[in-house]
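Peer 1:
In this note's numbering, the protein residues as written are 44 to 128.
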């Protein structure tokens with residue numbers, strides 16, 4: 044399942060709900076806590092932030108957004124010092 048998730052995240056970052064829905068569509072159902080545990084234990088996946096689910100009323104918890112280390116390295120911004128040179 045880790046390889047499947049890595050491949051899905053290689054295109055762009057996704058949040059836990061998107062990953063869960065995609066896995067279900069691939070006939071690989073898992074719940075969000077299972078998916079989070081898998082991703083947290085994989086050293087090639089990085090939690091890059093959180094997002095709030097749009098259209099949700101109340102105080103729903105934010106969703107984690109995940110990416111591959113490779114995606115993060117490729118999209119890292121130069122530091123201000125590097126840009127000046």
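Just so you know, even glycine gets a beta-carbon here, dropped at the ideal spot from N, CA and C.
Opposite residue 108 in the DSSP bridges: which residues?
Peer 2: DSSP output for residue 108 lists 58, 92 as bridge partner(s).
Peer 1: Using the beta-carbon count (16 or more within 10 Å), is residue 115 buried or exposed?
Peer 2: Result: exposed.
Peer 1: How many angstroms separate the CA atom of residue 93 from the CA atom of residue 58?
Peer 2: So the alpha carbons of these two residues sit roughly 8 Å apart.
Peer 1: Should residue 65 be flagged as near chain E, meaning a C-beta pair shorter than 8 Å?
Peer 2: Among the protein chains of the structure shown there is no chain E, as only one such chain exists.
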